[in-house]
Structure formats: structure tokens, C-alpha cells
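Please read the structure below before turning to the comments.
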Amino acid sequence: LHYHGSEVRGKKDNVDPIRLDAEHKSDVILVSTPDLLNYVKNEKAQYFPNPVDTEHFKKPSFSVSPEKSLMIVYNRMDMQWTTDYLSKNNFNPASYTIIDRSSNPILYSQLPTVLQQYSIYVDIKYIDGLLLTSLSKTAVEALASGLKVLAHNLQYKEGLPEVNEPEYVVDRVQKLYRM
């Protein structure tokens, strides 16, 4: 069983019988970000990062304007909170390109092309009353594409984290199957 976020985040008291049955029948429960361990109260749960396809997401061969920023939003995000948070911390969300992925889906095959038009990806997500502290999958894909990522703590991150490198994740998969 592998959780990516919305199916468990913010649902601490969720006693969905189907979910509980699936967890009970699973040999292991994987969560894609460390914060999700707070929502899966099961000794079989463990953090298992999403690998990034570094052949698909890679730095472009051309340069991009150094201050061109992108924020991708979803229908569950509180955009007003996010823009207020950025503004009160001296960031200008009005200068960002904002794409609502709920109403304007971006195909996985097209995401690298979209990301490569920008130099900064804003990964500040306030959903269901929570400021998410883990990098989103799109953020780590942006890092692999050479963008800086503005994280929840208003610090910039650069470079793909080792835990999202395909080789690292393959090693983890092999260890799981040896359990």
C-alpha cells in the first residue's frame, strides 16, 4: 500500500473501514513524504520517497530569466492564505505565474516543458488548515529540472535530494523485497 498525501493527510481520525482493512492486509505501508507518518498509525508504515525520472526531468540546455516564478495550485489549496503568507514575508505573489492544475491539467509528459520556462518553483501549500512542510512531487521534479524551489519555510532549495534519485529508490525497493 502506498500513500501519496491527500488520501490520508488531514484525516488523523479517519476510521474508514476499507482503508483500515487494506492497511491490515498489507505487508508494508509506504508513505511518499515523512509528514504522512503522522497520519498512518500503523507499525508497518515507513517513509518511501518518490523517485524522480531524471531522464524526463532534467536541466534545460538554455537559460531562463532568473526571477521567473511558477506556482501550481490545486482545488484544495487555500490560495488566499498562501498569497497573504507570501506577501507578509516580502514575496510578491502577483508576479508569479499561477497554474490551477484542477481546471487546467498538465500532462506528465508536458510537465518538464512547463517547468523549464521558469527559474523558481513556489512550493508553498496550505491545504485543509495545514501548511505542508514536505516538498511536493512537483517540487522535486522542478529541482531535477534545475529550478530553485521556494519551500514552506521561505528558504530556497536547489538540487535534487539524494532520496529522490532513482538509484537510491531502487536500492530501497530491493531492500523491501528482501524483508
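Under my numbering, the first residue of the sequence shown carries the number -17, and numbering increases by one thereafter.
Each residue gets a CB set at the ideal place from its N, CA and C atoms; glycine is no exception.
Query raised in the report: Is the beta carbon of P31 sitting closer than 8 Å to the one on V151?
Result: Here residue 31 refers to the residue found at position 49 when the sequence shown is read from its first residue. Here residue 151 refers to the residue found at position 169 when the sequence shown is read from its first residue. Yes. Within cutoff.
**Report entry** Alpha-carbon spacing of K130 relative to G141, whole angstroms
**Finding:** Here residue 130 refers to the residue found at position 148 of the sequence shown. Here residue 141 refers to the residue found at position 159 of the sequence shown. Cα to Cα, K130 sits roughly 8 Å from G141.
**Report entry** Residue burial classification, K139 (beta-carbon count within 10 angstroms, cutoff 16)
**Finding:** Along the sequence shown, one-based indexing puts residue 139 at 157. So K139 ends up on the buried side.
Requested in this report: At 4 residues or longer, and completely inside the segment 102 to 155: list those alpha helix (DSSP H) runs for me, N to C.
Outcome: 119 to 126
Query raised in the report: What residues match up with S51 in a beta bridge as DSSP calls it?
Result: Against the sequence shown, residue 51 aligns to sequence position 69. According to DSSP, S51 bridges with I102.
Query raised in the report: Got a sec? Which residues, its chain only, sit under 8 Å from S51 by beta carbon, not counting five neighbours each side?
Result: Your numbering for residue 51 matches position 69 in the sequence shown. The residues are S77, Y78, T79, Y100, S101, I102, Y103, V104 and L132.
Report task. Report the residue from S8, L125, F73 and E25 whose alpha carbon sits nearest the alpha carbon of E144. Result -> Taking the first residue of the sequence shown as 1, we reach residue 144 at position 162. Answer by Cα proximity: L125.
Query raised in the report: In the DSSP assignment, what residue or residues form a beta bridge with Q28?
Result: Here residue 28 is taken as the residue at index 46 of the sequence shown, counted from 1. Q28 pairs with L12.
Query raised in the report: Roughly how many angstroms separate the alpha carbons of L113 and L136, rounded to a whole number?
Result: Start at 1 with the first residue of the sequence shown, and residue 113 comes out as number 131. Start at 1 with the first residue of the sequence shown, and residue 136 comes out as number 154. The alpha-carbon atoms of L113 and L136 are separated by roughly 12 Å.
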